[in-house]
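Peer 1: I have a structure here, written as structure tokens, and I will follow up with some questions on it.
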Amino acid sequence: MATDLERTVEALLFLSPQPVPIAELAEACDVTEAQIDRAIDALSGDLEGRGVVLREVAGGWSLAAHPDAEDAARRLLAKPRTPPLTQAQAETLAIVAYLQPVSRPEIARIRGVSSESAVQTLAERGLIEESGRSRFGAVIYRTTPLFERLFGLSGLDQLPDPARFDPSPEDERELRERLLKAGEQRTE
Amino acid sequence: MATDLERTVEALLFLSPQPVPIAELAEACDVTEAQIDRAIDALSGDLEGRGVVLREVAGGWSLAAHPDAEDAARRLLAKPRTPPLTQAQAETLAIVAYLQPVSRPEIARIRGVSSESAVQTLAERGLIEESGRSRFGAVIYRTTPLFERLFGLSGLDQLPDPARFDPSPEDERELRERLLKAGEQRTE
Amino acid sequence: MRASELDLDLDVFAGPFDLLMTIVLREEVPLAEVELGEIVVAYLALVEERGELDLEAATEFLVLIASLLELKSRLLLPVAEADEPELAPEEAAEELLARMLEYRRYRGAAAHLAERFADGRRYLYRAAPLPPELRRVALEAARPAYEPDRLAAAIGDLLQIPPAPDTSHIRQTVSLDRRLRVLRDLLAGHGRIDFDQSFGSDDRLTQAVTLFALLEMHKRGEATWSQRETFGPIEITAANGAGHGN
Chain A
54 MATDLERTVE ALLFLSPQPV PIAELAEACD VTEAQIDRAI DALSGDLEGR GVVLREVAGG
114 WSLAAHPDAE DAARRLLAKP RTPPLTQAQA ETLAIVAYLQ PVSRPEIARI RGVSSESAVQ
174 TLAERGLIEE SGRSRFGAVI YRTTPLFERL FGLSGLDQLP DPARFDPSPE DERELRERLL
234 KAGEQRTE
Chain B
54 MATDLERTVE ALLFLSPQPV PIAELAEACD VTEAQIDRAI DALSGDLEGR GVVLREVAGG
114 WSLAAHPDAE DAARRLLAKP RTPPLTQAQA ETLAIVAYLQ PVSRPEIARI RGVSSESAVQ
174 TLAERGLIEE SGRSRFGAVI YRTTPLFERL FGLSGLDQLP DPARFDPSPE DERELRERLL
234 KAGEQRTE
Chain C
924 MRASELDLDL DVFAGPFDLL MTIVLREEVP LAEVELGEIV VAYLALVEER GELDLEAATE
984 FLVLIASLLE LKSRLLLPVA EADEPELAPE EAAEELLARM LEYRRYRGAA AHLAERFADG
1044 RRYLYRAAPL PPELRRVALE AARPAYEPDR LAAAIGDLLQ IPPAPDTSHI RQTVSLDRRL
1104 RVLRDLLAGH GRIDFDQSFG SDDRLTQAVT LFALLEMHKR GEATWSQRET FGPIEITAAN
1164 GAGHGN
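Protein chains in written order, with our numbering: chain A, 54 to 241; chain B, 54 to 241; chain C, 924 to 1169.
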């Protein structure tokens, strides 16, 4: 039978969306950190063979669903989420798609505004991913296979020619250079 | 030791932000509803004495933290206790729960007072919501799934028969006599 | 204008209309003694004073006052004058009784719900976002959902270099007074100036007004000017040699 403290710790980890540090658990339960350590040990044993697992991650302890349940969880919860792209997301995705690999500062320079939240949303939805770091240490991005699927493209060479939508087709310079120049002029 | 199905059900309930109906669990796990019923039973037994409990609310199953951990949880999550219902809110909610869909003038007729602020507060707390307009154009209200969850109801059919709140026959007789006497005094 | 905002001052009762309704239903004030006419007058006065009429609020008031009127008339009307049988006091009392019983039912249900709530809110539910892998579409299940042209169009938008700001709506004004001041300052400083050197880089309008200012100064005897040949340099000299204002 679990002790009261073990049950409380389980309830707290169950409720918390973030990993909880030992110190915070101790404070909430009004006990010492050593007592929390023992409760965590006992809980870890009791959760053996259950659908929920105890994990120690940076920042503390958390409960997570057992990985074996992922397929069922996907069927239950992962409603295909492909909401329409906002203008910021479409622009950011277009920059990554046509110029990849491309760094976050470059995206910001071309768009003329910080594009942090668009980049984050696109990464979360699995449309873009990090592909390393630039010479200057900035994270660089590329599109994912999921991106190609969701846009019905059999490869990146299938991206439509932007010349159709290009306001200055007589200009023969490289796309990247022209985008950066336009971006700079927008922010002046 | 828990079966694979029981572990999967536990993981699904852990992940799902809403109560999950049996039918949806069966579909996600690719088993029959009877199998889910048995897994729920087994899970309920295995959670005995733990920090997490199984609850049937709002048309489905949900995991919740054990009430014993409430104080520690509110300290950890800095989540104040929801204020109790005022008399006006409780009366209004009772009328909406039993008579839904019901309009504000109808609520006012039964309570004998304007119930505007109670209706508004209940709507703000997510316990009732608009569900269209009556023939006469008044907004009509119904309860929400959150109401069922917070009140521990697996469905609206779990509300007790309202007749059980009626005054006893003796009380009723006494009330009638007093009223008749008042009427007679007037007409004398 | 809500019925709840109506403050009453009656013989048997002083306070908000809401409270009156409550205590009538709770049998604390005999309905027969309440002046309903005064309530209506007070309500109408308040509506007039506010100058607004919220239909839903007015409906609510009408429902409440009408039910009170009906109940009270049945309580008061003597049996003898009643053509219609339902005006009998017994039935009026029955009607009022039914209303009170109905209210009591929901008051009881309210107490039950309040208890349930006190119990239910001790259970806390998890409210955490789904893990990232569940928040995106699985690759195998992914179907085309977006138009590739949207990306090309976005690139087209980004290639757009915004046109220089349109300044055509700004009307230039050159003030004669200001040109006079400029000329006087220059002459005061130098005693003698060359028009082209001083104003050659100004726009045509400024040059024209400056010339006009020069004519004015010449007329007033403040300055003289000379041009030795057509289109040649114009030399301006302060009339007293030292310039104006010194």
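Yeah, the Cβ is synthetic: ideal placement off N, Cα and C, and Gly gets one too.
1. On a Cα-Cα basis, can you pick out the residue from B:Arg157, B:Gly104, B:Pro158, B:Tyr151 that is closest to C:Arg1030?
2. Is the segment 1104-1114 of chain C in contact with the segment 1069-1083 of chain C, if contact means three or more CB pairs nearer than 8 Å?
3. Check the DSSP bridge columns for C:Gln1150 and list the partner residues they point to.
4. Less than 8 Å between CB atoms is the rule here; does A:Ala81 satisfy it with respect to chain B?
5. Compare the beta carbon distance of B:Ile193 and B:Pro154 with 8 Å and say whether it is the shorter of the two.
6. So is A:Glu237 buried or exposed if we call it buried at 16+ other beta carbons inside 10 Å?
7. Would you mind telling me which residues of chain E sit closer than 7 Å to B:Glu123, beta carbon to beta carbon, in chain order?
8. Ignoring anything shorter than 4 residues, give me the alpha helix (DSSP H) runs that lie fully in the segment 151-196 of chain B, in order along the chain.
9. Tell me the DSSP secondary structure of A:Gly113 in three-state form.
10. Please classify A:Thr197 as buried or exposed, where buried requires at least 16 other C-beta atoms within 10 Å of its C-beta.
11. Let me know if B:Val110 comes out buried or exposed under the rule of 16 or more other beta-carbons within 10 Å of its beta-carbon.
12. Cβ closer than 9 Å: which chain C residues qualify as neighbours of A:Ala131?
13. Determine the burial state of A:Pro215: buried for a count of at least 16 other Cβ atoms within 10 Å of its Cβ, exposed for fewer.
14. What are the start and end residues of the alpha helix (DSSP H) that includes A:Arg217?
15. Excluding five sequence neighbours on each side, which residues of the same chain lie with their C-beta closer than 8 Å to the C-beta of B:Ala118?
16. Are the CB atoms of C:Leu1081 and A:Glu144 within a distance shorter than 8 Å?
17. Can you pull the chain C neighbours of B:Glu101, defined as C-beta to C-beta under 7 Å?
18. Buried or exposed for C:Lys1142, going by 16 or more other Cβ atoms inside 10 Å?
19. Count the other CB atoms, across all protein chains shown, that sit within 10 Å of the CB of C:Phe940; report buried if there are 16 or more and exposed otherwise.
20. DSSP three-state label for B:Pro222, please.
21. Name the chain C residues that come within less than 8 Å of A:Thr135, Cβ to Cβ?
22. So does the segment 202-217 of chain B actually touch the segment 1040-1047 of chain C, counting three or more Cβ pairs closer than 8 Å?
23. Rank C:Leu969, C:Leu994, C:Glu972 by C-alpha distance to the C-alpha of C:Val957 and give the top, closest one.
24. State the CB to CB distance for the pair C:Arg1059 and A:Arg128, rounded to an integer number of angstroms; the pair is presumed to be in contact (CB under 8 Å).
25. Let me know the secondary structure DSSP gives C:Asp1117 once reduced to three states.
26. Less than 8 Å between the CB atoms is what I'm expecting for A:Pro74 and A:Ser115, so what's the real figure, rounded?
27. Please state if the CB of B:Arg164 and the CB of C:Tyr966 are separated by a distance shorter than 8 Å.
28. Given a threshold of 16 other Cβ atoms within 10 Å of its Cβ, counted over all protein chains shown, does B:Glu201 qualify as buried or as exposed?
29. Tell me which residues share the same chain as C:Glu1158 and place their Cβ nearer than 7 Å to its Cβ, disregarding the 5 neighbours each side in the sequence.
30. Taking Cβ positions only, does A:Asp214 come closer than 8 Å to chain C?
31. Relative to the C-alpha of C:Thr945, which residue among C:Pro1156, C:Leu987, C:Pro1055, C:Glu1145 is closest?
32. Could you name the residues that DSSP lists as bridge partners for A:Val106?
33. Thinking C-alpha only, which one of A:Leu138, A:Ala171, A:Ala235 is nearest C:Arg1073?
34. Mind listing the chain A neighbours of B:Ala189? Cutoff is C-beta to C-beta under 9 Å, in chain order.
35. From A:Asp94, A:Thr135, A:Glu227, A:Ala64, pick the residue whose C-alpha is nearest to that of A:Cys82; which is it?
36. Rounded to the nearest angstrom, what separates A:Val62 and B:Ser69 at their Cα positions?
Peer 2: So, to answer that:
1. Counting from one through the third sequence, the residue named residue 1030 of chain C turns up at place 107. When each option's Cα is compared against that of C:Arg1030, the closest is B:Tyr151.
2. no
3. For the purposes of this step, residue 1150 of chain C is taken as residue 227 along the third sequence, with counting starting at 1. In the DSSP secondary-structure assignment, C:Gln1150 is bridged to C:Ile1157.
4. The residue given as residue 81 of chain A occupies position 28 in the first sequence. Answer yes: the Cβ-Cβ gap between A:Ala81 and chain B drops below 8 Å somewhere.
5. Position 140 of the second sequence holds residue 193 of chain B. Position 101 of the second sequence holds residue 154 of chain B. Contact flag set, yes.
6. Walking along the first sequence from the start, residue 237 of chain A turns up at place 184. So A:Glu237 counts as exposed.
7. The question asks about chain E, but that chain is absent: this structure's protein chains are A, B and C.
8. 157-164, 169-177
9. Taking the first residue of the first sequence as 1, we reach residue 113 of chain A at position 60. DSSP, read as helix, strand or coil, puts A:Gly113 in strand.
10. In the first sequence, the residue the question calls residue 197 of chain A occupies position 144. Burial call: buried.
11. Translated into positions along the second sequence, residue 110 of chain B becomes position 57. With 16 or more other CB atoms across the displayed protein chains lying within 10 angstroms of its CB, B:Val110 is buried.
12. Along the first sequence, read from residue 1 onward, the residue named residue 131 of chain A stands at position 78. Those within 9 Å of A:Ala131 in chain C are Leu1053, Glu1056, Leu1057, Arg1058, Arg1059, Val1060, Ala1061, Ala1064.
13. For the purposes of this step, residue 215 of chain A is identified with residue 162 of the first sequence, where counting begins at 1. Result: buried.
14. Stepping through the first sequence from its first residue, residue 217 of chain A is reached at position 164. A:Arg217 -> no alpha helix (DSSP H), and no H or E assigned at all.
15. Here residue 118 of chain B corresponds to residue number 65 of the second sequence, with the count starting at 1. Same-chain partners within the cutoff: Gly104, Val105, Val106, Ala126.
16. Counted from its first residue, the first sequence places residue 144 of chain A at position 91. Counted from its first residue, the third sequence places residue 1081 of chain C at position 158. Contact: yes.
17. Here residue 101 of chain B corresponds to residue number 48 of the second sequence, with the count starting at 1. Ordered by position in chain C, no residue passes the 7 Å Cβ test against B:Glu101, which lies about 16 Å from the chain.
18. Against the third sequence, residue 1142 of chain C aligns to sequence position 219. C:Lys1142 sits exposed, since fewer than 16 C-beta atoms from the chains shown fall within 10 Å of its C-beta.
19. The residue labelled residue 940 of chain C in the question sits at position 17 within the third sequence. Counting Cβ neighbours within 10 Å, C:Phe940 comes out buried, since at least 16 surround it.
20. Mapped onto the second sequence, residue 222 of chain B falls at position 169. Reduced to three states, the DSSP call for B:Pro222 is helix.
21. Counted from its first residue, the first sequence places residue 135 of chain A at position 82. Val1060, Ala1068, Tyr1069, listed in chain order.
22. Verdict: yes, contact present.
23. In the third sequence, residue 957 of chain C corresponds to position 34, counting from 1. Ranking C:Leu969, C:Leu994, C:Glu972 by Cα distance to C:Val957 puts C:Leu994 first.
24. Taking the first residue of the third sequence as position 1, residue 1059 of chain C is located at position 136. Taking the first residue of the first sequence as position 1, residue 128 of chain A is located at position 75. The pair is not a contact, with the Cβ atoms about 15 Å apart (cut-off 8 Å).
25. Residue numbering aside, residue 1117 of chain C sits at position 194 when the third sequence is read from its first letter. Correct three-state label for C:Asp1117: strand.
26. By 1-based counting over the first sequence, the position of residue 74 of chain A is 21. By 1-based counting over the first sequence, the position of residue 115 of chain A is 62. Incorrect: roughly 11 Å between the Cβ atoms, too far for contact.
27. Indexing the third sequence from 1 puts residue 966 of chain C at position 43. Indexing the second sequence from 1 puts residue 164 of chain B at position 111. Taking 8 Å as the Cβ cut-off, C:Tyr966 and B:Arg164 do not qualify as a contacting pair.
28. Your numbering for residue 201 of chain B matches position 148 in the second sequence. The residue in question, B:Glu201, is buried, as its Cβ has 16 or more Cβ neighbours within 10 Å.
29. Mapped onto the third sequence, residue 1158 of chain C falls at position 235. Excluding its 5 nearest sequence neighbours in each direction, C:Glu1158 has C-beta neighbours in its own chain below 7 Å: Arg1115, Asp1117, Trp1148, Ser1149, listed in chain order.
30. Your numbering for residue 214 of chain A matches position 161 in the first sequence. True, the Cβ-Cβ gap to chain C drops below 8 Å.
31. Position 22 of the third sequence holds residue 945 of chain C. Nearest of C:Pro1156, C:Leu987, C:Pro1055, C:Glu1145 to C:Thr945, Cα basis: C:Leu987.
32. Here the question's residue 106 of chain A lines up with position 53 in the first sequence. In the DSSP output, where bridge partners are listed per residue, A:Val106 has A:Ala117.
33. In the third sequence, residue 1073 of chain C corresponds to position 150, counting from 1. When only C-alpha atoms are compared, the closest one is A:Leu138.
34. Position 136 of the second sequence, counting from 1, holds the residue named residue 189 of chain B. Reading off the sequence, residue 189 of chain B comes out as Phe, not Ala. Here the premise fails: no neighbours, minimum Cβ distance about 38 Å.
35. Here residue 82 of chain A corresponds to residue number 29 of the first sequence, with the count starting at 1. Measuring from the Cα of A:Cys82, the nearest candidate turns out to be A:Ala64.
36. Against the first sequence, residue 62 of chain A aligns to sequence position 9. Against the second sequence, residue 69 of chain B aligns to sequence position 16. Straight-line Cα distance between these residues: approximately 21 Å.
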